[in-house]
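*Asks:* So in full-length UniProt numbering the end of the sequence shown lands on 993, straight run, no missing numbers. Heads up, the beta-carbon is just placed ideally off N, CA and C, and yes, glycines get one too. As the structure is a computational prediction, the values presented were derived from the model and not from experiment.
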Amino acid sequence: MDRTKWPAIAGFAVGTYLLSRDVPTTFAFEKPIHTSIVVLASLAAATLGLSRILPKSSGSHEDYHAIPLEDCGTLRSSRDSSPALENVRYPSSLRKLRILFLGLVAAICLRVVILRELLAFYQCTTTSWEALIPLAFACADYSARQPLPFRKRAVTDDPDMSIHEALGKALARSPYRYLGSTALLSFGSIVVLSTLKAPRSSHICAASLPYHWMIPCLQRIGSILDAAMLYCIGQLLRQREGRGPRSIALRFTSVGWAFLFSAVVVSFGGLVYYYVTPDDRLWILTIPTLYFRGVLRMNALFCFTAVSALFTLYHTSSMSISAIAAFVSVCTTSTAYAWTLTHPFPPTSTAIAFIATCVTLIGFALYVHADAASTKEDPSDSHRLFSKPPYWLYLILFVLLCLHGGLLATRSTSVTYHPIDLLTFEAETQHESYFNRSSASLTLREAAEAYRLRYSRHPPPGFQHWYNYATARNSVIIDTYDSVQRDILPFYSLNPEVIRQRTWQLLANPWNDVAGISIRNGSVSLSTDVVGTHRWMFDGLVEMIDHFAEYLPDMDLAFNLNDECRVAVPFEELDRIRPSVATPSNSDTDYNKFSADRTQQWPPIPTEPLAETPLEELSWQRTFYEFGSVSCPPSSPARTQRLWDVSQMCMDCTLPQSLGAYLANWTMAADICHQPDLANLHGLYMSPAAFKAAHDLYPIFSQSKAPGFNDILYPSPWNYMDKVKYNPSPEHPDMLFAEKHSTLFWRGATSEGVSSVGQWRGMTRQRFIHLANNINGSEAPQLLLLPQGATSVIHRWQTQPSEVNTSAYSYVPISDLTKLLSTDVHIVDSIARCWPKDCSQQAQEYAPLAPPTDFQDHWKYKYLLDLDGAGFSGRFLPFLQSRSLPFKVALFREWWDDRVTPWQHFVPLDIRGHGFWATLSYFAGVNGTVKGRHVVMEPHAHEAERIAEQGRAWANRVLRKEDMEIYFFRLLLEWGRLTDDARDSIGYTDDLV
Ligand SMILES: *[C@@H]1O[C@H](CO)[C@@H](O)[C@H](O)[C@H]1NC(C)=O
Ligand SMILES: *[C@@H]1O[C@H](CO)[C@@H](O)[C@H](O)[C@H]1NC(C)=O
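Here it is in C-alpha cells:
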C-alpha cells in the first residue's frame, strides 16, 4: 500500500490547486443540492469501486494508528506492542465506528444545506475560517497529548548531538510541536486571504434582514462541520475495528457507504422539498445546459481530489491533509491575485501581505519539519508526510516567496496624477477627432464619397434628399452613422423576402408586444392596434417619420413595445453569416430608386391574430446565459464562467475598461464578453419585467439595447415627444453651475426588473441607492483617492527634485463619506415591480421613501445621477441640456452613443459602483475628517462646470429633435434598400442624380 502514498499526496495537492482555481467560476453551484447529490453519489461509487480492488487483508505495516487525538504519550506504550494486542476485543470500538459513520452522514447533509444557504446570500459572507482547521486539529492533538515525563528527556539527551539534531529532537518531543506551526500557517493564511482580496462588491446584504448575521454564523458552522467531516473520515479510515486491524478495503467501504447514505438522505430531502413547495417545482426541474458541463467538470475534479485525499488521509493524518489543503489553496488564490495587482487600485497593504505570506510559508515548512521530526522520535510510525523534509519542498517555498516578493515589490501604491485629469484630456481629443470625421464633407458629392469609403457601399437611393434634409437643418453629423451600419449590417445575410416575412410574423401576433408602422406612397400610418399606454410612442413615431416619409419606399416596420431588448443572435450564427455581409456582392449600381413593385410584397397583417410566435418568453427569469451573453465567443468568460461569489468585485471584469477606480473606456464597458459578473448586477439579466426575445435575426426596432443584442436602435419618441423635458421656469430656474447645491441627486422607481426571489439585491438602482446612503450601516467601506500630502519625488531622468502631489486609494466607511459629500439619492413613492416578500423587504430597507418631486427640481443640483432602468433612459437628454453635470451608469446603449463622448459631455460610472464616491469626491472636493485624519481635497468645480457646459452645448447641436429626424431618416433609407429585392443594384451614384 505504500506505493499509493506519493501519488496520493501529489494528486491531492494538484487536485486542491485545480479546485481552488476552478471553483470560483463553476456553473455547478447554480444548483448546489443537485450538484451535491451527483458528487456524493459519484464519490460513493468511486470509493466503493476502489474498495473492491484494494487488498482485502491488512498488511503488517498498516497496524493500528489512530489520528493524533489518540496518538498521545500514554497510549504509546500500548501501541508499541500492538501486534500482541491484536486479538484483544474492543467492544467500544465498534460502537464508536457506528457513531462516527452516523456523525459523518449528518455532517455531510448539514454541510450541503449550509452550502445552499451560503450561495443564496453569498454577499453577506465574511473572511472564511477554513484556514483554521489545521490549527483546530493541532489544538486537539495538544489537549490529548500529555507531556512526556521530564526524566525520559534527560536520559535521551546526548551531549554529542549537534544543535540541529537537538533542536529536532526537542521539536519532536515538544507538546507544542504542531501548535506553533499550524498557528503560523492558519493565521498567516487568513491574513493573506483578507489582504490580497478584491474590494467588496456592491451586492446588497441588507442589514434589516436576518441573513445579515445568519450567514456569517452559518459560515462558521460550515467550517466546523468541515473539520468534523475530516475527523470522522480520518477515524473511519484508521480506526481499528473490534477484531483487530481492518483491511484497507473495509475502511474504504465504510467511507463509501457514508457518502452513499448522505446522497440518499439529501435526495430524499430534495424530494420532500419538491412536494411541499409547489412554487419551486419548475425551478427544481429546469436544468440549464451549461450547468451540465460545469457539474461534470466539477464532479470529475472533486472525485479525483477526494479519492486522493482519502488515500492521503489513510497514509498521513487529518492535520497533515488540512495543512496541505490550506497551504495549496491559499497559495493559489493569493498568487493569482497578486499577479493581477499592478495598479495602485485596489489598495492593498503590500507589506502586511508579504509578511503574512512569509508567515504562511514558514508555518508550512515548520509543520513539515515537526511532522518529520516525530518520525525520528518514533520510527514505527509510518503515518507521516515525510520521514525527512525533502529539499525540493524548500525550493518550492523559496520560489513562492520570491514570486510574491517580486510581485508585491514591483507594484506601485500611489498615483502621481489624477486619472480623471487624464481621462478628460483624452476625451477632448477623442471628441475633436470624432467631430472632424463627422463633419468633413461639405458637399453632397463629398458626402457620398465619404460614405463609400466608410461603408464600402454606395449610399442608399434617395441619399440626396437625406443630405439636403440634414444640411437644411444644420446637422453637424454628416458622415459618421456607424451605429446605423452596425445595427443593420447583419440583416444583409437575409433575403429581403425573409426580412419582410419576419416583420409580418412579428406583427401578426399581438402577444409579441410589437406594433407596426406602415409606409405607403409616402405617407405613414399605424398598421396594428396599439394599446393606450403606448399611444405616445406611436404618435411620436408617426410625427417623426412624417417629416420625410415622402422619400421613403413602401414598407412595414416592427417596433418594440417593451423597454427590454429583443433579439440576440448567438456568436456561432453571427460568425457564419459574417462573410456574407462584409462586402456587397455587386457594387455596380444602376438606379437611384427603390423598386416600383414593393407595395404588394409586404403581406397584409391578418385581422385574426396568428397563434404561433418566433419569440421565446423569459420574463421574470434569468436571461444572461440564454440571451445576454450568446453573442460572445464560446471561449469568453461571459459564456464559460459563472461568478457565484457575489461578495467580491470581479477584478478581471473591470480592469479592461478602468483607470484605477474610474471608468475609462465606455466602449469597452459595453462589451460584456469579459464581464461574467454582470449576470448578477442588472435587472435585465436577473429578472426582466417583460422579456420576449428571439435567437434568430428578427427585425425589431428598439429604443435601447444591452450589449450583444441585435435590435435596431432608433431615436426614442419619449424624448421626441418631450415626455420629460428640460424646461426651467422662474419657479424652477436652471441657475449657473456655481449657484447650485453641491449635491448628487436622483429620484426614481425600482423599475429595472421584477424582484420575486431577492433579485433586488443585485439590481443597479437598488445597489446605487445603497451605495449613496448609509443604510443601516450595512455597506462596506468605499474607495477614495486621497492625497498623501506633498512629497518630493525624484524621477530618474530628472536632476532636480520636483514637488509632486501623490495620492493613494483608501477605504473609507460610508458613514464618513455621507458626512463629507452630499447625496440625495432615493426611491420615490413606493416599491414597484416586486413580489410580496421582496416588496416588504425593500420597503423596510429603503424606508422612508421620498415624496414625488417635480422633474424641473433637478436643476437645483450640481450633479445628476442617471441610472439604468428596464431600458432607455428617458431623462439623460434633458440632463445633458441642463447646466448640471450628469453622472451616467448604464448597461443600455441608445442611438446617440457614438456622438456623445464620456468625460467630455458627461461623467460615466462603472455599473459596479466602486468608483462612485471617488468620482464624486473629485468634483465636489473633500474637507473634513477621514479615518481620523483631516483631509482637504480641492473641489474641481471648474472642470465640472466645463463638462456640464460642453455637454449642454453639444446636446444643443447634435441631439436636437431635428437630429433625431435626420438619424431616423438615414436609418429608414438604409432599411428601405435592405428590404428591396434589387438591393445590390440600387443606390445613389453621382451620375444618376
Ligand atoms: C480637427 O480639425 C482641426 C481643424 O482642421 C485641427 O486643428 C485638429 O487638429 C483636428 N483634430 C483632430 C483630433 O484631428
Ligand atoms: C476603448 O476600447 C476600444 C475597444 O476595445 C478600443 O478600440 C478603443 O481604442 C478604446 N478607447 C480608448 C479611449 O482607449
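Take the Cβ of D30 as the centre, count every other Cβ of all protein chains shown within 10 Å, and call the residue buried at 16 or more, exposed below.
*Replies:* Residue mapping note: residue 30 aligns to position 30 of the sequence shown, counting from 1. Correcting the residue type first, residue 30 is Glu in the shown sequence and not Asp. Buried.
*Asks:* My output table needs one value for D824: the three-state DSSP class, helix, strand or coil.
*Replies:* Numbered from its first residue, the sequence shown carries residue 824 at position 824. Three-state DSSP puts D824 in a strand.
*Asks:* Measuring only the C-alpha atoms, how far is K705 from V295?
*Replies:* If you number the sequence shown from 1, residue 705 lands on position 705. If you number the sequence shown from 1, residue 295 lands on position 295. K705 and V295: Cα-Cα distance of roughly 32 Å.
*Asks:* Can you give me the Cβ contacts of L972 inside the same chain, cut-off strictly under 6 Å, excluding the 5 residues immediately before and after it?
*Replies:* Sequence index remark: in the sequence shown, residue 972 carries index 972 (1-based). Answer for L972: L552, listed in chain order.
*Asks:* For ligand 2, I want to know if M686 counts as a neighbour, meaning its beta carbon is within less than 8 Å of at least one of the ligand's heavy atoms.
*Replies:* The residue given as residue 686 occupies position 686 in the sequence shown. Because no heavy atom of ligand 2 lies under 8 Å away, the Cβ of M686 does not count as near it: no.
*Asks:* When the Cα atoms are used, what is the spatial distance from L659 to I33?
*Replies:* Counting from 1 along the sequence shown, the entry for residue 659 is found at position 659. Counting from 1 along the sequence shown, the entry for residue 33 is found at position 33. Cα to Cα, L659 sits roughly 40 Å from I33.
*Asks:* Suppose you measure from the CA of F27 to the CA of A198; what does that come to, to the nearest Å?
*Replies:* Taking the first residue of the sequence shown as 1, we reach residue 27 at position 27. Taking the first residue of the sequence shown as 1, we reach residue 198 at position 198. Computed Cα separation, rounded: 21 Å.
*Asks:* Applying the criterion that 16 or more other CB atoms from any shown protein chain within 10 Å of the CB defines a buried residue, is R578 buried or exposed?
*Replies:* Residue 578 sits at position 578 when you count from the first residue of the sequence shown. Exposed is the call here.
*Asks:* To the nearest angstrom, report how far apart I362 and R200 are at their CA atoms.
*Replies:* Position 362 of the sequence shown, counting from 1, holds the residue named residue 362. Position 200 of the sequence shown, counting from 1, holds the residue named residue 200. For I362 and R200, the distance between alpha carbons rounds to 29 Å.
*Asks:* How would you write the range of the alpha helix (DSSP H) that R933 sits in, first residue to last?
*Replies:* In the sequence shown, counting from the first residue as 1, residue 933 sits at position 933. Careful: R933 lies outside any alpha helix (DSSP H), inside the beta strand (DSSP E) at R933 to M937.
*Asks:* Please report the Cβ distance between I947 and V907, rounded to the nearest whole angstrom; I am assuming they are in contact, meaning their Cβ atoms lie under 8 Å.
*Replies:* For the purposes of this step, residue 947 is identified with residue 947 of the sequence shown, where counting begins at 1. For the purposes of this step, residue 907 is identified with residue 907 of the sequence shown, where counting begins at 1. Rounded, the Cβ-Cβ distance is 7 Å, consistent with contact.
*Asks:* Give every residue of the same chain whose Cβ lies closer than 7 Å to the Cβ of M537, excluding the five residues on either side of it in the sequence, and list them in chain order.
*Replies:* Along the sequence shown, read from residue 1 onward, the residue named residue 537 stands at position 537. These residues qualify, in order along the chain: P717.
*Asks:* Find the nearest neighbour of E894 within the set I108, A356, S334 and Y714, judged by alpha-carbon distance.
*Replies:* Residue mapping note: residue 894 aligns to position 894 of the sequence shown, counting from 1. When only C-alpha atoms are compared, the closest one is Y714.
*Asks:* Under 5 Å from any heavy atom of ligand 1, by CB: list those residues in chain order, please.
*Replies:* Listed by chain position, these are E432, S433 and N436.
*Asks:* What are the boundary residues of the alpha helix (DSSP H) that L681 is part of?
*Replies:* The sequence position of residue 681 within the sequence shown is 681, counting from 1. Per DSSP, L681 belongs to no alpha helix (DSSP H) and is neither H nor E.
*Asks:* Alpha carbon to alpha carbon, how far is S438 from A326?
*Replies:* Translated into the one-based positions of the sequence shown, residue 438 becomes position 438. Translated into the one-based positions of the sequence shown, residue 326 becomes position 326. One C-alpha to the other measures close to 59 Å.
*Asks:* Give me the DSSP bridge partner(s) of C653.
*Replies:* The sequence position of residue 653 within the sequence shown is 653, counting from 1. In DSSP, C653 forms no bridge with anything.
*Asks:* Check N436 in the structure and name its three-state DSSP category.
*Replies:* Within the sequence shown, residue 436 is the residue found at index 436, counting from 1. Three-state DSSP puts N436 in a helix.
*Asks:* Quick one: what's K692 bridged to in DSSP?
*Replies:* Within the sequence shown, residue 692 is the residue found at index 692, counting from 1. Answer is E617.
*Asks:* What does the Cβ neighbour count give for residue 998, buried or exposed, with the cut at 16 atoms within 10 Å?
*Replies:* As displayed, the chain neither begins before 1 nor continues past 993, which places residue 998 out of reach and without an answer.
*Asks:* Three Cβ pairs or more, each shorter than 8 Å: is that satisfied between the stretch 681-700 and the stretch 621-632?
*Replies:* Short answer: they touch.
*Asks:* Is T764 near ligand 2 - that is, is its Cβ less than 8 Å away from at least one heavy atom of it?
*Replies:* The count along the sequence shown starts at 1 and reaches residue 764 at position 764. For ligand 2, not one heavy atom lies less than 8 Å from the Cβ of T764.
*Asks:* What does a CB cutoff of less than 6 Å around A679 pick up in its chain, not counting 5 residues either side in sequence?
*Replies:* The sequence position of residue 679 within the sequence shown is 679, counting from 1. Excluding sequence neighbours, A679 sits near F624 and Y685.
*Asks:* Between which residues of its own chain and I9 is the CB-CB distance below 6 Å, once the five residues before and five after are set aside?
*Replies:* Here residue 9 refers to the residue found at position 9 when the sequence shown is read from its first residue. Excluding residues within five positions, the ones whose Cβ falls inside 6 Å are T312.
*Asks:* Using a Cβ-based criterion (distance less than 8 Å to any ligand heavy atom), does D671 qualify as near ligand 2?
*Replies:* For this step, residue 671 is matched to residue 671 along the sequence shown. Checking the Cβ of D671 against ligand 2 gives yes.
*Asks:* Between which two residues does the alpha helix (DSSP H) holding residue 1016 run?
*Replies:* Lying before the first or after the last residue shown, residue 1016 is absent from the chain, which here runs from 1 to 993.
*Asks:* Among A568, Q600, H465 and E612, which has the Cα closest to the Cα of residue 1069?
*Replies:* This structure cannot settle anything about residue 1069, because the visible part of the chain is limited to 1 through 993.
*Asks:* Assuming contact is defined by CB atoms lying nearer than 9 Å, are H674 and W859 in contact in what I supplied?
*Replies:* Within the sequence shown, residue 674 is the residue found at index 674, counting from 1. Within the sequence shown, residue 859 is the residue found at index 859, counting from 1. Not closer than 9 Å, so no.
*Asks:* Starting from the C-beta of P902, find all residues in its chain whose C-beta is less than 6 Å away, skip the five residues before and the five after it, and write them out in chain order.
*Replies:* In the sequence shown, the residue the question calls residue 902 occupies position 902. Hits under 6 Å: W666 and P908.
*Asks:* I'd like to confirm the pairing. Which residues does DSSP put opposite R200 in its beta bridges?
*Replies:* Along the sequence shown, read from residue 1 onward, the residue named residue 200 stands at position 200. BP columns for R200 point to Q648.
*Asks:* Considering only heavy atoms of ligand 2 and the C-beta of each residue, which residues fall inside 5 Å, strictly closer?
*Replies:* Having a Cβ closer than 5 Å to some heavy atom of ligand 2 are N665, T667 and M668.
*Asks:* Should H534 be counted as a contact of ligand 3 given a C-beta to heavy atom distance under 8 Å?
*Replies:* Summarising the ligand content, the structure contains ligand 1 and ligand 2 and does not contain ligand 3.
*Asks:* According to DSSP, Q782 sits in a beta bridge with which residue or residues?
*Replies:* For the purposes of this step, residue 782 is identified with residue 782 of the sequence shown, where counting begins at 1. Paired residues: V812.
*Asks:* For the stretch 391-477, which segments carrying the alpha helix (DSSP H) assignment without a break, of at least 4 residues, lie completely within its bounds, in sequence order?
*Replies:* Qualifying alpha helix (DSSP H) stretches, in chain order: 391-409, 419-438, 444-455 and 463-472.
*Asks:* In whole angstroms, what separates the C-alpha of A170 from that of R145?
*Replies:* The residue you call residue 170 lines up with position 170 of the sequence shown. The residue you call residue 145 lines up with position 145 of the sequence shown. Roughly 15 Å between the two C-alpha positions.
*Asks:* What residue range does the alpha helix (DSSP H) around W903 cover?
*Replies:* Counted from its first residue, the sequence shown places residue 903 at position 903. No alpha helix (DSSP H) holds W903; DSSP gives it neither H nor E.
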